[in-house]
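Undergrad: Handing you this structure, nothing more for now.
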Amino acid sequence: MAEGLATGRPVIEARGVGLTFATADGPVHALKDVTLRVMKGDFVSFIGPSGCGKTTFLRAVAALEHPTEGELRVNGMTPEEARRRRAYGYVFQAAGLYPWRTIAGNIRLPLEIMGFARDEQERRVRDVLQLVELDGFGKKYPWQLSGGMQQRASIARALAFDADILLMDEPFGALDEIVRDRLNEALLKLWARTGKTIGFVTHSIPEAVYLSTKIVVMSPRPGRITDVIESPLPRERPLDIRDSRDFIEIAHRVREGLRAGHSYDE
Amino acid sequence: MAEGLATGRPVIEARGVGLTFATADGPVHALKDVTLRVMKGDFVSFIGPSGCGKTTFLRAVAALEHPTEGELRVNGMTPEEARRRRAYGYVFQAAGLYPWRTIAGNIRLPLEIMGFARDEQERRVRDVLQLVELDGFGKKYPWQLSGGMQQRASIARALAFDADILLMDEPFGALDEIVRDRLNEALLKLWARTGKTIGFVTHSIPEAVYLSTKIVVMSPRPGRITDVIESPLPRERPLDIRDSRDFIEIAHRVREGLRAGHSYDE
Amino acid sequence: MRSILPVLTVVAVIVALWYGAAAAMNAQWVRDQAARAGTEVSLAQILPRTMSQERPVLPAPHQVAKGLWEGVAGQKITSKRSLVYHGWITLSATLLGFGIGTGLGILLAIGIIHNRAMDQSVMPWAIASQTIPILAIAPMIIVVLNSIGVSGLLPKAVISAYLSFFPVVVGMVKGLRSPDAMQLDLLSTYNASRAQAFWKLRLPASMPYLFASLKVGIAASLVGAIVGELPTGAVAGLGARLLSGSYYGQTIQIWSALFAAAIVAAALVGIVGAIQTRVLRRMGMAR
Amino acid sequence: MTLVFLALVTWVVTLVLNVRISRSAFSETRIGRLVVPAIFGLTVLLVWELLVRGLQVPTVILPPPSAIGARIAGSLPVLWGDFVQTFVKGALSGWLIGCAAAVATAIAIDRSPFLQRGLLPVGNFVAALPIVGIAPILVMWFGFDWQSKAAVVVVMVFFPVLVNTVEGLAATDRMQRDLMKTYSASYAQTLLKLRLPAAMPFIFNGLKIATTLALIGAIVAEFFGSPIRGMGFRISAEVGRLGLDMVWAEIAVAALAGSAFYGVVALVERGLTFWHPSQRRQR
Amino acid sequence: EEVTLQLKWVTQAQFAGYYVALDQGFYEEEGLEVTIKPGGPDVAPVQVLLGGGADVMVDWLPSALAAREQGADIVNIAQPFKSSGMMLTCLKESGVSGPEDFKGKTLGVWFGGNEYPFLNWMSKLGLPTDGSPEGVTVLKQGFNVDPLLQKQAACISTMTYNEYWQVIDAGLSPDDLVTFKYEDQGVATLEDGLYVMADKLKDPAFVETMAKFVRASMKGWKWAEENPDDAAMIVLDNDDTGAQTESHQKRMMGEVAKLTAGSDGTLDEADYKRTVATLMGGGSDPVISKEPEGAWTHEVTDKALQ
Ligand SMILES: Nc1ncnc2c1ncn2[C@@H]1O[C@H](COP(=O)(O)OP(=O)(O)OP(=O)(O)O)[C@@H](O)[C@H]1O
Ligand SMILES: Nc1ncnc2c1ncn2[C@@H]1O[C@H](COP(=O)(O)OP(=O)(O)OP(=O)(O)O)[C@@H](O)[C@H]1O
Ligand SMILES: Cc1ncc(C[n+]2csc(CCO)c2C)c(N)n1
Ligand SMILES: [Mg+2]
Ligand SMILES: [Mg+2]
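Residue numbers (the numbering used here), protein chains in the order written: chain A, -13 to 252; chain B, -13 to 252; chain C, -2 to 284; chain D, 53 to 335; chain E, 2 to 307.
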């Protein structure tokens, strides 16, 4: 429906966000001084070493953690308010399916909660199962699926309803290259069609470059942003764009940023 | 210690192995007619589309599932017997840390069970924590760690004791490229030093090619082996071997195999 | 303590409801008495009279409070009229019974999850044992134990253990079976012995279930100890107070003993809860 | 003495037999599942019979199972009438009300931190009132018939179900709860779709314990006043006239009914919490 | 010599004689060391006796005879209570003024071996006890008099020395009540007697001990009859529950004295015969089906009263 273009309205605005966890053996600084602005229709990837705070930032955006410093606004409101308006679709790093529901039942869960009509529910479940290539597994229980299949089911669950903001935490980590490529394409299509704003955590540099309009490189302890790369790639992206000069250049820049981040580590 | 060379003694021998799960809506054929021979000191990677039976095969080797057809021998015994002799170190696809133990406590678990001396336990925990770059996190609880850190902790747990056969199910899936490279190198070193036999599931073709002496390509439903590639790469592998012709050729062959496997799917 | 205010609020609400109920339930008697005496009573006269009867249907809170206070503070604690004295007698049997019952319950649960023969044969009979009305066989237990020379604290503790072991068995069987497949598989790859699997996985994983069971179990122990006091001639203990109060229709005495018992029970459950919080925190499970 | 010896031999033999059977594949079958407890039960009865006869225990203290069996066969209509009075009217209705009330209270407690801190301690307190104390009071309030028995049962089953439900409602993990938050699910939705299903294994623990408590409660309450039928009435009346065979006949009915009740609840549990590890593959 | 006595009910003036004998050293004088075990609603004294928990017990003849039919070989060796204290106490306002008014009413009865006299009485009156409109509805009453006060029953069982006064204490006046003494209705049965196991009596030494016991106990009873208030205080001292009140026990002692009056401990055969006749005459479900034999003996009292 929507045009699928960045309309210039900021969706996520972080200003000097810091987040410290209190643990038994002292505080852990997960995020420090994170300032970032994401526009409507942006596809932002977060990349950074393990433990640098990517998940924490995504959780803060979704109002699942509360920054201890700075200010975070989503659609001009507090994340809490945005959450209450059902702005988010979230794919967690672990699949987190409910063991007492079948795969279809798990995907139906948000639809039930948001009050979709019965047949609309069925239609959507069928559609997203197909999208993540799980048709035929709707009646299975989570523990009867392989790791990658569970992950796809959890992606399907987040795609089943129309959240404005899609937050995906390493959604394709457990998938093979080929399925991953197909899902990447599917995700781009969906994004182009719906104009959603997407926050995406990945460890794959090519994936980040291929998908994003904006790549955020982070460094650990305390997690901070070391580089924000605006992609010059067109919004229309065939798979073979990955061999283009621009692509390789950006990938290189991301890799350098990552490496620099790691050296902080020592 | 050991030479770290394939000595010619078969460690894992599968002959016509099939495995069918009975579920409420009919049987699921997870493995079919899998025949494979892994020699002592081999580094075997399993690669294949999501849900093709990689995990199931690894579990069968470790006597966690029981083949419904064919024969499976480990070190010339049944997997069950081999398990009883503590032949396995297993890294599960999900971290599976015990929530009531700290990270150090989780790593100490196998050591306690196998009756290592107290100070030996401490030494090993320290060493492997360092190996997976988690020094300083020993006293944290699993839920205080990021996803990638949990995964590394579970790798550390499997490395802490000296199992002959190391079975690793997508151990590096949630890690960024740089940590992943470093851990790949560390794993190769460990393998060269100890002469362990390693079974390794991954979705990364370069990773598979970089690490393995043998790459097993699988196709789904029912899971079967479509290709077994013996790597001509030398056992000594600097990181830049990834730019060599041999490497690229093998990678290509694996990719083709994978693609073919996917087409079965339809 | 943050919980003072909420507790007080709830208590206040209950006390208010209670006064209302006391007035309503005791009024009938006042009216009957008046009718027997051939006089009329107005509402204003009924109210105060419902609050000070000697054998009310429902004693007013202050009457119970007074009874409790006299029972606890109004006597030397060695006095036979002291609730502290009777409470202690019941408590000692409760604790002994709880110890025996919990120990037995955990042992049975361990046996049941490790041994198929036990799982299949003991569980149905453990269930059946609990459907036997304890008050019916308590006298027989006492008689039998008596005839082999066991008397005093132990017979009561046996009955108390009989009531408390079951919740522990049910909870622990579930708890010890609650680890998921992967957690068990991990130990399986280590070829951990059953004992190791028990200590390192099943037991820690069962903690939430264990504590839920212990709370139920200790309350059941107290009931068991009180029940056990009846067929021993109900000579002492809160059970004896309840019974003799009931026998002589002394409602206030019943309620005082009842509250004393409930206070003991609540304290015991509270202690188990406090231990739970500490244990779970030490295990990193209290988040 | 020979009978006593025989009892010991029986015990050992059947024990060995049972262990054998349960190790064999036979115990996996539907029949096998029934055979093992049946053998165990028969052993208990046989040993009981032999010991009572061997040690010449007076029947007014403990009658042999054969006498109890004969009494059961001879008094079926009486036993049935008592069963209906005590189990169907007293225990079952009380169980239903009590469990429903406990779950509702647990939810109320869970819903409001204020109530949680206020009601839970008070709830512990009220619900831990000993049955022998409340039974006479409830008989006084609700009359002699089954209503007062049901009331006793309500009070008795309340606490175990409450404790287990509260514990169970807390048993979700963080990611499961966070998921609901991202949907901005209402409290009721979270409860219905996450907390309650996750709490089911705990709730059923409570419900199962409550089944046996309900029966005990209904029977014991009859000791404190009842119409002249009911299992508790019969037991107390027959104890007085030393009709111990009838007492044990009632106990046998109670045990049977209680086990069946428990079994039904356990079956429902199996159906509803099939996903819980304790109900899945057992090794 | 050690003797253990099992009472039928909780410590109260109903058993004053034994407590007095203990307290005043009457047992000691006979060279006996006596332990008194209180009973209660959940104690079946016969079971305790058979289980070896006591040497001698206090029980009522109807339940003792019923126990005999069940195979418990117990024998009455003495009968300190001459008359029965059982009665039915009714609320006047419920419309009962004579036995003919019972029809359709709800009556509270003690079970557990105490129901026989009542059932006999009803069968004598021709009233079925099945709750039919032609008969009466029977309630198993608990330990106290609440059913009457709460008007859940028109009449309840009371003892002249105990429950009746609880009703009075509760605030009802004798004018509000109608009482039917079993003695007056001709259905009285023998109450508190002393019983032992028959086979023990074969041992002359045991008979000797029991003779001493009965002698001392009767001395206690006579002392209690003469000093009712002091006896009540002795009972009070022996009550471990601390639940008894002085006024109630003093009054109870006064009433109990009326029942023990006229007994030297020897069982009156005529009373016995009358009880047996009453029990055997009980309608469809008589307590005892055949004339009991050897249910009592004068051997002990004869020796005691020499
Ligand atoms: N609940 C918590 N309590 C304490 N510390 C926490 C908690 N959650 C996360 N942390 C810490 O915060 C830091 C950032 O964690 P986060 O999960 O955001 O990392 P990440 O970037 O997502 O890493 P990964 O790629 O491995 O998933 C880590 O050091 C972690 O140990
Ligand atoms: N316990 C089970 N019950 C029923 N079916 C199962 C069970 N475990 C696995 N399967 C099925 O077996 C097939 C193979 O699963 P497996 O976990 O081995 O896949 P995998 O190759 O490891 O996939 P992934 O890369 O996604 O982890 C899948 O179709 C899965 O649905
Ligand atoms: C449950 C029960 N209720 C009443 C009695 C009757 N009873 C026998 S002796 C006695 C003492 C009288 O003050 C009483 C009331 C009983 N035996 N058991
Ligand atoms: Mg993360
Ligand atoms: Mg897998």
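Even for Gly, the Cβ is constructed at its ideal location relative to N, Cα and C.
From a predicted model like this one, the values you see are computed outputs, not experimental measurements.
Ligand 4: which residues have Cβ under 7 Å from any of its heavy atoms, chain order?
TA: Counting every residue whose Cβ lies closer than 7 Å to a heavy atom of ligand 4, we get A:K40, A:T41, A:Q79, A:D155, A:E156, A:V187, B:S132, B:G133 and B:G134.
Undergrad: So which of B:G181, B:R138, B:L176 and B:L153 has the shortest CA-CA distance to B:V165?
TA: Taking the second sequence and counting its residues from 1, one reaches residue 165 of chain B at position 179. Closest option to B:V165, Cα to Cα, is B:R138.
Undergrad: Check the Cβ-Cβ distances between E:G255 and every residue of chain C, and say whether any is below 8 Å.
TA: Taking the fifth sequence and counting its residues from 1, the one referred to as residue 255 of chain E is at position 254. No, no contact with chain C.
Undergrad: Given a cut-off of 8 Å, decide if A:L97 and A:D167 are closer than it, judged by their beta-carbon atoms.
TA: Sequence index remark: in the first sequence, residue 167 of chain A carries index 181 (1-based). Sequence index remark: in the first sequence, residue 97 of chain A carries index 111 (1-based). No, the Cβ-Cβ distance between A:D167 and A:L97 is not below 8 Å.
Undergrad: Do three or more CB pairs link the region 224 to 239 of chain E to the region 14 to 33 of chain E at distances below 8 Å?
TA: Touching, per the Cβ criterion.
Undergrad: Would B:A8 pass as an interface residue toward chain A - the criterion being a Cβ-Cβ separation below 8 Å?
TA: Numbered from its first residue, the second sequence carries residue 8 of chain B at position 22. No, B:A8 lies away from the interface with chain A (no Cβ there is under 8 Å from its Cβ).
Undergrad: Rounded to the nearest angstrom, what separates A:I151 and A:A73 at their Cα positions?
TA: Taking the first residue of the first sequence as 1, we reach residue 151 of chain A at position 165. Taking the first residue of the first sequence as 1, we reach residue 73 of chain A at position 87. Roughly 6 Å separates the two Cα atoms.
Undergrad: Quick check: what's the CA-CA separation for C:G214 versus C:A258?
TA: Translated into the one-based positions of the third sequence, residue 214 of chain C becomes position 217. Translated into the one-based positions of the third sequence, residue 258 of chain C becomes position 261. Answer to the nearest angstrom: the Cα atoms are 15 Å apart.
Undergrad: Any idea what DSSP makes of A:Y196, helix, strand or coil?
TA: As a first step, residue 196 of chain A is located in the first sequence; it is residue number 210 there, counting from the start. Reduced to three states, the DSSP call for A:Y196 is helix.
Undergrad: Using a Cβ-Cβ distance cut-off of 8 Å, determine whether A:D28 contacts chain B.
TA: Position 42 of the first sequence, counted from the start, is the residue given in the question as residue 28 of chain A. Not an interface residue.
Undergrad: Count the other C-beta atoms from every protein chain shown that fall within 10 angstroms of the C-beta of D:P165, then say buried if there are 16 or more, exposed otherwise.
TA: Working through the fourth sequence from its first residue, we reach residue 165 of chain D at position 113. It counts as exposed.
Undergrad: For the 8 Å Cβ check, are there 3 or more pairs between the region 183 to 197 of chain A and the region 108 to 121 of chain A?
TA: As far as the Cβ criterion goes, the region 183 to 197 of chain A does not touch the region 108 to 121 of chain A, which means the pair count is below three.
Undergrad: At a threshold of 7 Å, does B:G209 count as lining ligand 6 (C-beta to nearest heavy atom)?
TA: Absence of ligand 6 from the depicted structure is noted, with ligand 1, ligand 2, ligand 3, ligand 4 and ligand 5 being the only ligands included.
Undergrad: Can you name the residues of chain F whose CB is closer than 8 Å to the CB of B:R69?
TA: No chain F is present in this structure, whose protein chains are A, B, C, D and E.
Undergrad: Residues of the region 132 to 149 of chain E in Cβ contact with chain C at a cutoff of 9 Å, in chain order, please.
TA: Residues passing the 9 Å Cβ filter: G143, F144, N145, V146 and D147.
Undergrad: Would you call the region 198 to 212 of chain D and the region 58 to 69 of chain A touching, i.e. three or more CB-CB distances under 8 Å?
TA: As far as the Cβ criterion goes, the region 198 to 212 of chain D does not touch the region 58 to 69 of chain A, which means the pair count is below three.
Undergrad: Excluding five sequence neighbours on each side, which residues of the same chain lie with their C-beta closer than 6 Å to the C-beta of B:L145?
TA: Along the second sequence, read from residue 1 onward, the residue named residue 145 of chain B stands at position 159. Excluding residues within five positions, the ones whose Cβ falls inside 6 Å are V114.
Undergrad: With a threshold of 8 Å on Cβ separation, who are the neighbours of D:A266 within its own chain once the five nearest residues in sequence on each side are excluded?
TA: The residue you call residue 266 of chain D lines up with position 214 of the fourth sequence. These residues qualify, in order along the chain: A143, L144, G146, W147, G150, V205, M208, V209 and F313.
Undergrad: Is the beta carbon of B:R231 sitting closer than 8 Å to the one on C:N188?
TA: Translated into positions along the second sequence, residue 231 of chain B becomes position 245. Translated into positions along the third sequence, residue 188 of chain C becomes position 191. No, the pair does not count as a contact, with Cβ atoms beyond the cut-off.
Undergrad: Looking at the secondary structure, which residues open and close the alpha helix (DSSP H) in which E:S124 lies?
TA: Taking the fifth sequence and counting its residues from 1, one reaches residue 124 of chain E at position 123. Its alpha helix (DSSP H) spans residues Y117 to L126.
Undergrad: Using a threshold of 8 Å, state whether the C-beta atoms of E:W111 and E:V188 are closer than that.
TA: Position 110 of the fifth sequence, counted from the first residue, corresponds to residue 111 of chain E. Position 187 of the fifth sequence, counted from the first residue, corresponds to residue 188 of chain E. No, the pair does not count as a contact, with Cβ atoms beyond the cut-off.
Undergrad: Within 10 angstroms of the Cβ of C:A271, are there 16 or more other Cβ atoms? Answer buried if so, exposed if not.
TA: Taking the first residue of the third sequence as 1, we reach residue 271 of chain C at position 274. Under this definition C:A271 is an exposed residue.
Undergrad: Excluding the 5 residues preceding and the 5 following C:S253 in the sequence, name in chain order all residues of the same chain whose CB lies nearer than 7 Å to its CB.
TA: As a working mapping, residue 253 of chain C is identified with position 256 in the third sequence. Answer for C:S253: V61, G64, L65, G68 and L80, listed in chain order.
Undergrad: Use the C-beta contact count for E:G243: other C-beta atoms within 10 angstroms, 16 or more gives buried, fewer gives exposed.
TA: Counting from one through the fifth sequence, the residue named residue 243 of chain E turns up at place 242. E:G243 comes out buried.
Undergrad: With which residues is E:C156 paired in a DSSP beta bridge?
TA: For the purposes of this step, residue 156 of chain E is taken as the residue at position 155 of the fifth sequence. DSSP, once it has assigned bridges, lists E:C91 and E:L108 as partnering E:C156.
Undergrad: So E:Q25 contacts chain C; which residues on that side make the cut at Cβ distance below 9 Å?
TA: Here the question's residue 25 of chain E lines up with position 24 in the fifth sequence. What E:Q25 touches in chain C: nothing, since even the nearest Cβ is about 21 Å away.
Undergrad: Contact criterion: CB-CB distance below 8 Å. Does D:S236 meet it with respect to chain A?
TA: Numbered from 1 along the fourth sequence, position 184 holds the residue referred to as residue 236 of chain D. Taking Cβ atoms only, chain A reaches closer than 8 Å to D:S236, which makes this a yes.
Undergrad: Tell me the residue span of the beta strand (DSSP E) that contains B:G185.
TA: On the second sequence, residue 185 of chain B is found 199 positions in, with the first residue counted as 1. T183 to V187 is the extent of the beta strand (DSSP E) around B:G185.
Undergrad: Check whether the Cβ atoms of C:T128 and D:A306 lie closer than 8 Å to each other.
TA: To locate residue 128 of chain C, count along the third sequence from 1; it is residue 131. To locate residue 306 of chain D, count along the fourth sequence from 1; it is residue 254. Yes. Within cutoff.
Undergrad: With a threshold of 8 Å between beta-carbons, can C:P201 be considered close to chain B, or not?
TA: Reading the third sequence from its first residue, position 204 is the one you call residue 201 of chain C. Chain B, which has a Cβ nearer than 8 Å to the Cβ of C:P201, makes this yes.
Undergrad: For ligand 1, any of its heavy atoms closer than 7 Å to the Cβ of A:T9?
TA: If you number the first sequence from 1, residue 9 of chain A lands on position 23. A:T9 Cβ: within cutoff of ligand 1.
Undergrad: Rounding to the nearest angstrom, what Cα-Cα distance links D:E274 and D:R281 in this structure?
TA: Counted from its first residue, the fourth sequence places residue 274 of chain D at position 222. Counted from its first residue, the fourth sequence places residue 281 of chain D at position 229. Those two C-alpha atoms are separated by around 9 Å.
Undergrad: Would you tell me roughly how many angstroms separate the C-alpha atoms of E:P46 and E:V59, rounded to the nearest one?
TA: What you label residue 46 of chain E is simply residue 45 of the fifth sequence in a count that begins at 1. What you label residue 59 of chain E is simply residue 58 of the fifth sequence in a count that begins at 1. Those two C-alpha atoms are separated by around 8 Å.
Undergrad: DSSP state of E:Y20, grouped into three classes?
TA: Residue numbering aside, residue 20 of chain E sits at position 19 when the fifth sequence is read from its first letter. The answer is helix: DSSP assigns E:Y20 an H, G or I state.
Undergrad: Who are the neighbours of D:R31 on chain C, taking C-beta pairs under 9 Å?
TA: The displayed coordinates of chain D run from 53 to 335. Any statement about residue 31 of chain D would go beyond what the structure contains.
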